[in-house]
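Reading through the structure tokens given below for one structure.
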Amino acid sequence: MTIPNPIRWLFFGAAGLLGLILLLLIIISFFRIPISLEGQKGLIESMASEAIERQVSINGKIQVTTSLWPVFIIEEVHVKNPENFAEGDFARLQSARIEVGLIRFLLGKIRIKDFDVNGLELSLRADEKGAVNWIFNDAEHDESDKDDATAPEDKPRELTSDVLIVDRLHLGNISLSYFAPGMEKPSEHKIDKCTGSALPGKAFQITLEGSTLEEPYEVSIRDASLLEFLEKNKSWVDIEAEIAKAHLKFSGNINLAEINRSLKLTLEIKGEGLDNFNRLLNLDLPPIPSYGLKASLAARKGLIELSDLKLYVSESELTGSMNLDDTGPTPEAFSILHCPLVQIYDFVFDIWSPFQEVD
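314 is the number of the first residue of the sequence shown in my numbering; add one for each residue after it.
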């Protein structure tokens, strides 16, 4: 039995159309075809503004490429300050390139294969009430948050979820300014390069290289949970820094929702040549050859506590605790110190004196 020609042509036409659709899907999936989204700029700005509750404007190119790993390119982005702060930008972005997994996104998960940013300016500001302009989650904090300042959380130091994965993070040419009431002018800082990743089974980690007040530095940060930090502005962190020939290490809980709202850290500082901090601090420090500090730091608004303090200068040691309380009508400081060993020679210098005249 032969198939009638109309049915045969209909069958061949349907098969050809299906094949053409599959071919187009293959081309779109495996070949990156750039598509301009500038016609949807207003919609994208509106969605971004609603998501972060800040006014967002895009003055440059918006582009996406077709692929199973589409690449989004965006240029000249401005994010305004919150309403209760002065007019101006909180952030300005020169360009960003983001490569995202499409299949995982359809499954409700995000995997960023490459996050590349060039030219980022951040203006961090604080007001008289302790509020800051870099917090995007303004939800009210419950009473359990207050416990973070006094008791460290026992959280795993690795990502236990694959909801948000970042294979490669790279930021370059970053400038940061900070200004708070009482400061004469903003402090300016520069980050030449920031690299990092957030992979399953590993801590979120970034490394920053740059300079502050003309002093080069390198900072390494490990975060217990990138997702928690983005959603709640708090997490368990390890921070290590190299600056002015000194090594600084901080470990513990931190909450960035307000200045000193919740902070519980262990500190460890050791270095060679205390006078290497002269340029950074604009001081004339003695040329102490070897020094170090170990302590537990707890801080919240108006109260700073140092416990298990151990300070050494060469062979001399100082132990004890110190508290600074600014919650009352007048600031109060309390200290309990003990010197198991004081070596006078550690504080005698041939070319430095606390009484010498300097410019």
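Every residue, glycine too, gets a C-beta built ideally from N, C-alpha and C.
- Can you give me the Cβ contacts of Glu434 inside the same chain, cut-off strictly under 6 Å, excluding the 5 residues immediately before and after it? As a working mapping, residue 434 is identified with position 121 in the sequence shown. Here the set comprises Arg405, Ser488.
- For Phe403, count neighbouring Cβ atoms within 10 angstroms of its own Cβ and tell me buried if that reaches 16, exposed if not. Numbered from 1 along the sequence shown, position 90 holds the residue referred to as residue 403. So Phe403 counts as buried.
- Task: Could you tell me if Trp665 is buried or exposed, where buried requires 16 or more neighbouring beta carbons within 10 angstroms of its beta carbon?
- Result: Reading the sequence shown from its first residue, position 352 is the one you call residue 665. Result: exposed.
- Query: Where Glu630 and Pro383 are concerned, what is the direct C-alpha to C-alpha distance, given to the nearest angstrom?
  - Reply: For the purposes of this step, residue 630 is taken as residue 317 along the sequence shown, with counting starting at 1. For the purposes of this step, residue 383 is taken as residue 70 along the sequence shown, with counting starting at 1. When rounded, the distance between both Cα atoms is 59 Å.
- Pro653 classed as buried or exposed, judged by whether at least 16 other C-beta atoms fall within 10 angstroms: The count along the sequence shown starts at 1 and reaches residue 653 at position 340. Exposed is the call here.
- Could you name the residues of the same chain whose beta carbon sits closer than 6 Å to that of Asp429, not counting the 5 residues immediately before and after it, in chain order? Start at 1 with the first residue of the sequence shown, and residue 429 comes out as number 116. Closer than 6 Å at the Cβ level, and outside the excluded window around Asp429, lie Arg410, His483.
- Message: Can you confirm whether the segment 629-648 touches the segment 607-617 when touching is taken to mean that 3 or more C-beta pairs between the two stretches lie within less than 8 Å?
- Response: yes
- Task: Under 8 Å by Cβ, that's how I've got Asn486 and Asn431 pegged, so tell me the actual separation to the nearest angstrom.
- Result: Sequence index remark: in the sequence shown, residue 486 carries index 173 (1-based). Sequence index remark: in the sequence shown, residue 431 carries index 118 (1-based). With 8 Å as the limit, Asn486 and Asn431 qualify as a contact, their Cβ atoms being about 6 Å apart.
- Item | Rounded Cβ spacing between Thr508 and Thr520 (contact assumed at less than 8 Å) | Numbered from its first residue, the sequence shown carries residue 508 at position 195. Numbered from its first residue, the sequence shown carries residue 520 at position 207. That belief holds up - the Cβ atoms of Thr508 and Thr520 are roughly 5 Å apart, short of 8 Å.
- Message: If you measure between the beta carbons of Ile375 and Ser408, is that distance less than 9 Å?
- Response: Indexing the sequence shown from 1 puts residue 375 at position 62. Indexing the sequence shown from 1 puts residue 408 at position 95. Going by C-beta atoms, Ile375 is not nearer than 9 Å to Ser408.
- Through-space distance from Glu628 to Gln656, alpha-carbon basis: If you number the sequence shown from 1, residue 656 lands on position 343. If you number the sequence shown from 1, residue 628 lands on position 315. If you take the alpha carbons of Gln656 and Glu628, they lie about 7 Å apart.
- Task: Go to Ile487, then tell me how far its beta strand (DSSP E) extends in each direction, as first and last residue.
- Result: The residue given as residue 487 occupies position 174 in the sequence shown. Run containing Ile487: 477-492, per the beta strand (DSSP E) assignment.
- Spell out a yes or no on whether the segment 600-608 and the segment 573-587 are touching, meaning 3 or more CB-CB pairs, one atom from each, closer than 8 Å. yes
- Item | Separation of Arg417 from Asn591, as counted between CA atoms | Position 278 of the sequence shown holds residue 591. Position 104 of the sequence shown holds residue 417. Each residue's alpha carbon lies about 51 Å from the other.
- Message: Can you look up Pro527 in the DSSP assignment and give me helix, strand or coil?
- Response: Walking along the sequence shown from the start, residue 527 turns up at place 214. First, the amino acid is wrong: residue 527 is Glu here, not Pro. Glu527 falls in the coil class under three-state DSSP.
- Same chain, Cβ closer than 6 Å to Ile567, neighbours up to 5 away in sequence not counted: Your numbering for residue 567 matches position 254 in the sequence shown. Excluding positions up to five away in sequence, the list reads Val550, Leu576.
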